[in-house]
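Engineer:
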Amino acid sequence: MKNLLEVKNLSKIYKGNSFFGNAKDVKALNDINFTLKPYEILSVIGESGCGKSTLAKLLIKLITPSSGQVIYDTRIIEKLTKDVQIIFQNPYQSLSPRMRIRDLMAEPLFIHHIAKKNSKDINNRLEELLKMVGMEKDALERFPHQFSGGQRQRICIARALACEPKLLILDEPISSLDLTIQVKMLDLFLELKKKLGLTYIFISHNLAVVKKIADSILILKEGELVENNRTSEIFVSPKHPYTKKLIEAAK
Amino acid sequence: MKKILEVKNLSVEFRIEEKRIEAVRNFTLDMEEKEIIVLAGESGSGKTIASLALTRILPALAKITAGEAYFEGKDLFLKTEIELQALRGAKISYIFQEPLVYLNPVFKISEQLKETIIYHDKISPEEANKRMLELLNLVKIIDPETVGNIYPHQLSGGMNQRVFIALALASNPKLIIADEPTTALDVITEAQILEMLKDLQNKLGFSLLFITHNLSIAKKIANRVFIMHRGEIVESEKTAEIFNSPKHIHTKELVYAYEKIGKL
Chain X
2 MKNLLEVKNL SKIYKGNSFF GNAKDVKALN DINFTLKPYE ILSVIGESGC
52 GKSTLAKLLI KLITPSSGQV IYDTRIIEKL TKDVQIIFQN PYQSLSPRMR
102 IRDLMAEPLF IHHIAKKNSK DINNRLEELL KMVGMEKDAL ERFPHQFSGG
152 QRQRICIARA LACEPKLLIL DEPISSLDLT IQVKMLDLFL ELKKKLGLTY
202 IFISHNLAVV KKIADSILIL KEGELVENNR TSEIFVSPKH PYTKKLIEAA
252 K
Chain Z
83 MKKILEVKNL SVEFRIEEKR IEAVRNFTLD MEEKEIIVLA GESGSGKTIA
133 SLALTRILPA LAKITAGEAY FEGKDLFLKT EIELQALRGA KISYIFQEPL
183 VYLNPVFKIS EQLKETIIYH DKISPEEANK RMLELLNLVK IIDPETVGNI
233 YPHQLSGGMN QRVFIALALA SNPKLIIADE PTTALDVITE AQILEMLKDL
283 QNKLGFSLLF ITHNLSIAKK IANRVFIMHR GEIVESEKTA EIFNSPKHIH
333 TKELVYAYEK IGKL
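Protein sequences, first through last, are from chains X and Z. Note that the numbering used here gives residue 65 to position 64 of the first sequence, counting from 1, and the numbers run on in steps of one. Note that the numbering used here gives residue 205 to position 123 of the second sequence, counting from 1, and the numbers run on in steps of one.
(1) Extract the residue ranges of the beta strand (DSSP E) inside the stretch 115-162 of chain Z, only unbroken runs of 3 or more that lie entirely within it.
(2) At 8 Å on the CB atoms, spell out the chain X contacts of Z/Leu336, in chain order.
(3) When you compare only the Cα positions, how much space is there between Z/Ala168 and Z/Asn284?
(4) What's the C-alpha gap between X/Lys252 and Z/Lys345?
(5) By the criterion of Cβ-Cβ separation under 9 Å, what are the contact partners of Z/Lys84 in chain X?
(6) DSSP has Z/Phe308 in a bridge; who is on the other side?
(7) In chain X, which residues lie with their C-beta within 8 Å of the C-beta of Z/Leu92?
(8) Would you mind working out which of Z/Lys116, Z/Phe96, Z/Arg97 and Z/Phe109 sits nearest Z/Leu291, comparing C-alpha positions?
(9) Go ahead and label X/Tyr201 buried or exposed: buried means 16 or more other beta carbons lie within 10 angstroms of its beta carbon, across all protein chains shown.
(10) Could you tell me whether the stretch 147-156 of chain Z touches the stretch 176-190 of chain Z, using the rule of 3 or more Cβ pairs below 8 Å?
(11) Give the interface partners of X/Leu247 over in chain Z, defined as CB-CB distance under 8 Å, in chain order.
(12) Mind the definition here: the stretch 244-261 of chain Z touches the stretch 287-302 of chain Z only if three or more C-beta pairs lie below 8 Å; say whether that holds.
(13) Buried or exposed for X/Gln94, going by 16 or more other Cβ atoms inside 10 Å?
(14) Quick one: Cα of Z/Glu319 to Cα of Z/Asn326, how far?
(15) Run through DSSP, which three-state label would X/Leu96 get?
(16) Can you find at least 3 beta carbon pairs, one from the stretch 53-72 of chain X and one from the stretch 111-129 of chain X, that sit closer than 8 Å?
(17) To which residues does DSSP link X/Lys13 through a beta bridge?
(18) Tell me, please, whether the CB atom of Z/Lys222 is closer than 7 Å to any CB atom in chain X?
(19) CB Z/Asn305 to CB Z/Ile118, shorter than 7 Å?
(20) Please classify X/Leu247 as buried or exposed, where buried requires at least 16 other C-beta atoms within 10 Å of its C-beta.
(21) I'd like the list of long-range same chain contacts for X/Thr244, defined as Cβ closer than 8 Å, with 5 residues on each side in sequence excluded.
(22) Quick check on the burial criterion: 16 or more other C-beta atoms within 10 angstroms. Buried or exposed for Z/Gly149?
(23) Under the three-state reduction of DSSP, which class applies to X/Asp172: helix, strand or coil?
(24) Quick one: is X/Ser49 near chain Z, going by C-beta distance under 7 Å?
(25) At 4 residues or longer, what runs of the alpha helix (DSSP H) sit wholly inside the stretch 181-243 of chain Z?
(26) Let's test the definition: count the other Cβ atoms within 10 Å of the Cβ of X/Leu180 and tell me whether it reaches 16, buried, or not, exposed.
(27) In angstroms, rounded to a whole number, what distance separates the CA positions of X/Phe111 and Z/Gly313?
(28) Indicate whether at least one CB of chain X lies closer than 7 Å to the CB of Z/His295.
(29) Do X/Pro166 and X/Arg153 have their CB atoms nearer than 7 Å?
(30) Measure from the C-beta of X/Ala260 to each C-beta in chain Z and report whether the shortest distance is under 7 Å.
(31) Just checking, does the stretch 261-276 of chain Z make contact with the stretch 232-246 of chain Z on the three C-beta pairs under 8 Å criterion?
(32) Please confirm if the stretch 131-142 of chain X is in contact with the stretch 81-88 of chain X, defined as three or more CB-CB distances below 8 Å between the two stretches.
(33) On the DSSP letters alone, give me the boundaries of the alpha helix (DSSP H) that X/Arg153 sits inside.
(34) Using a Cβ-Cβ cutoff of 8 Å, what residues of the stretch 179-211 of chain X are near chain Z? List them in chain order.
(35) Three-state secondary structure (DSSP) at Z/Phe109?
(36) Quick check on Z/Asn326: does DSSP put it in helix, strand or coil?
If you want it as structure tokens, here you go:
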């Protein structure tokens, strides 16, 4: 099968930028290579500060790489595209507090010219999206603060699905939720994947979750890729000492 | 075994204009000396409010409406504000989720620790300095001299949490209430901090009330587990019992979540 995503020699250096001129450059990611097949779940694992989120932002071109390329379906990704969408960890920060859910969810449709501003179909589409993530349509007229963390994350998912993406990047999408809600959200992600034929890049620091859902795993440490293998291999015979340490800590 | 903490039928409600919301209802919990108890429940179940009510450091809108609480056999709710002040941070210490919120950004680690030590122990600055290094050693900070000399923002989340634990230990407390102290940390750091807390408990002999939504922590450290739901304790059992034969539906839910994604 053809690769859906190919990452080649991707690096990101955050330039030190200080008034006093003593700031150092930070090497957030160094020479990352991996590929992703369609309909698979690739998990990115690592401690805080290892470059997981930088990788997520690079993949959708929210930030520009210092070197290297991201090739999506044979095209080099130059700017934000509707085919690749992202869901962030903190739904409190990723939903504008002063917009109604209706406007939040419809915005990507306008940006990517999928629907016209006063089109009548929008309402049906938004209700359909909410239904997909297990929410009622009366949510449309409400504001983000009227929802719980789990509900807000559902709204973020609905918004990300609005322009029918092929690849979803999930940047710690359940880490800020209770364990019981995490289980429900995972089930939702798996269900949506099956129904819509999605491919996921699932960024997490929780090995137990990753073991349940991922086809392959990529382990990052201080910006370096230390191991990239199928999930079963990683857990049965981890190669890198850091991988072993991670598995040990999760036991 | 002597009881260190006994709470009976504690109720706390929030009063917002005319509305009354019961955050804690008939909360009953007992704790023996040197015991580690995990208080588990989803967010909003009232875990934190119940723990804050014990030393009356509740938010302004919350009021204790009923119940009794005894610490070392003495009634906590009969104590005056001054008496409680002498208890808080001394015999009863708290550790919270976000150390950076509670550490002062403009003072060095050493200054904050020494301030606390001198406040509780009334000792000279030199002795306090010695005690500070001892405490940083205790929480397994390598090179305490250097770490003492820098500011909280220069440390990682895990290191700050260690400093926060050192602060809580400064007064040799009898009871430590740890409210989700590892939730903001990644797995490796979480495992290290949990192991350290358990070691310290063993070494220093305090009792530990550990609040969390994650039952895998209970599995690792707890003697007994109390499960809370919508302000009430719905089940309390020895740790093995909770995992082997959960009775209440909400315990079952938490155990199910643990089985599914809480363990490898």
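The beta carbon of each residue, even a glycine, is placed where N, CA and C say it ideally should be. Please read these numbers as outputs of a predicted model, since none were measured by experiment.
Structural biologist: So, from the listed chains and residues:
(1) 118-122 and 144-153
(2) Here residue 336 of chain Z is taken as the residue at index 254 of the second sequence, counted from 1. Simply Leu180 and Thr181.
(3) Position 86 of the second sequence, counted from the start, is the residue given in the question as residue 168 of chain Z. Position 202 of the second sequence, counted from the start, is the residue given in the question as residue 284 of chain Z. Their backbone Cα atoms lie some 25 Å apart in a straight line.
(4) Locating residue 252 of chain X in the first sequence gives position 251, counting from the first residue. Locating residue 345 of chain Z in the second sequence gives position 263, counting from the first residue. C-alpha separation (whole angstroms): 6 Å.
(5) For this step, residue 84 of chain Z is matched to residue 2 along the second sequence. Those within 9 Å of Z/Lys84 in chain X number zero; the least Cβ separation is about 34 Å.
(6) One-based indexing of the second sequence puts residue 308 of chain Z at position 226. Note: Z/Phe308 sits in a beta bridge opposite Z/Leu121 and Z/Ser318.
(7) In the second sequence, the residue the question calls residue 92 of chain Z occupies position 10. Ordered by position in chain X, no residue passes the 8 Å Cβ test against Z/Leu92, which lies about 23 Å from the chain.
(8) Reading the second sequence from its first residue, position 209 is the one you call residue 291 of chain Z. Checking every option, the nearest Cα to that of Z/Leu291 belongs to Z/Lys116.
(9) Walking along the first sequence from the start, residue 201 of chain X turns up at place 200. Under this definition X/Tyr201 is a buried residue.
(10) no
(11) In the first sequence, the residue the question calls residue 247 of chain X occupies position 246. Val269 and Ile270, listed in chain order.
(12) yes
(13) Within the first sequence, residue 94 of chain X is the residue found at index 93, counting from 1. By the neighbour-count rule (16 or more Cβ atoms within 10 Å), X/Gln94 is not buried but exposed.
(14) Translated into the one-based positions of the second sequence, residue 319 of chain Z becomes position 237. Translated into the one-based positions of the second sequence, residue 326 of chain Z becomes position 244. Computed Cα separation, rounded: 11 Å.
(15) Position 95 of the first sequence, counted from the start, is the residue given in the question as residue 96 of chain X. In the structure shown, X/Leu96 sits in coil (DSSP, three-state: anything other than H, G, I, E or B).
(16) no
(17) The count along the first sequence starts at 1 and reaches residue 13 of chain X at position 12. Answer is X/Leu30.
(18) Walking along the second sequence from the start, residue 222 of chain Z turns up at place 140. No, Z/Lys222 lies away from the interface with chain X (no Cβ there is under 7 Å from its Cβ).
(19) Sequence index remark: in the second sequence, residue 305 of chain Z carries index 223 (1-based). Sequence index remark: in the second sequence, residue 118 of chain Z carries index 36 (1-based). Result yes, Cβ atoms of Z/Asn305 and Z/Ile118 sit closer than 7 Å.
(20) Here residue 247 of chain X refers to the residue found at position 246 when the first sequence is read from its first residue. By the neighbour-count rule (16 or more Cβ atoms within 10 Å), X/Leu247 is buried.
(21) The count along the first sequence starts at 1 and reaches residue 244 of chain X at position 243. For X/Thr244, where only same-chain residues beyond five positions count, the Cβ hits under 8 Å are Ile220, Val227, Glu228 and Ile235.
(22) The count along the second sequence starts at 1 and reaches residue 149 of chain Z at position 67. Its Cβ being crowded by 16 or more others within 10 Å, Z/Gly149 is buried.
(23) Sequence index remark: in the first sequence, residue 172 of chain X carries index 171 (1-based). Looking at X/Asp172 - three-state DSSP - the assignment turns out to be strand.
(24) On the first sequence, position 48 is the one that residue 49 of chain X refers to. Taking Cβ atoms only, chain Z reaches closer than 7 Å to X/Ser49, which makes this a yes.
(25) 181-184, 191-203, 207-220 and 226-230
(26) Taking the first residue of the first sequence as position 1, residue 180 of chain X is located at position 179. Buried, by the Cβ-count rule.
(27) Indexing the first sequence from 1 puts residue 111 of chain X at position 110. Indexing the second sequence from 1 puts residue 313 of chain Z at position 231. Approximately 44 Å between the Cα atoms of the pair.
(28) As a working note, residue 295 of chain Z is residue 213 in the second sequence. True, the Cβ-Cβ gap to chain X drops below 7 Å.
(29) Numbered from its first residue, the first sequence carries residue 166 of chain X at position 165. Numbered from its first residue, the first sequence carries residue 153 of chain X at position 152. No; because the gap between Cβ atoms is not below 7 Å, this pair is not in contact.
(30) Residue 260 of chain X is absent from the structure shown; chain X starts at 2 and stops at 252.
(31) yes
(32) no
(33) Within the first sequence, numbered from 1, the residue matching residue 153 of chain X stands at position 152. That run of the alpha helix (DSSP H) goes Gly150 to Leu162.
(34) Asp179, Leu180, Thr181, Ile182, Gln183, Val184, Leu187, His206, Asn207, Leu208, Ala209 and Val210
(35) Within the second sequence, numbered from 1, the residue matching residue 109 of chain Z stands at position 27. Strand, per DSSP.
(36) If you number the second sequence from 1, residue 326 of chain Z lands on position 244. Helix.
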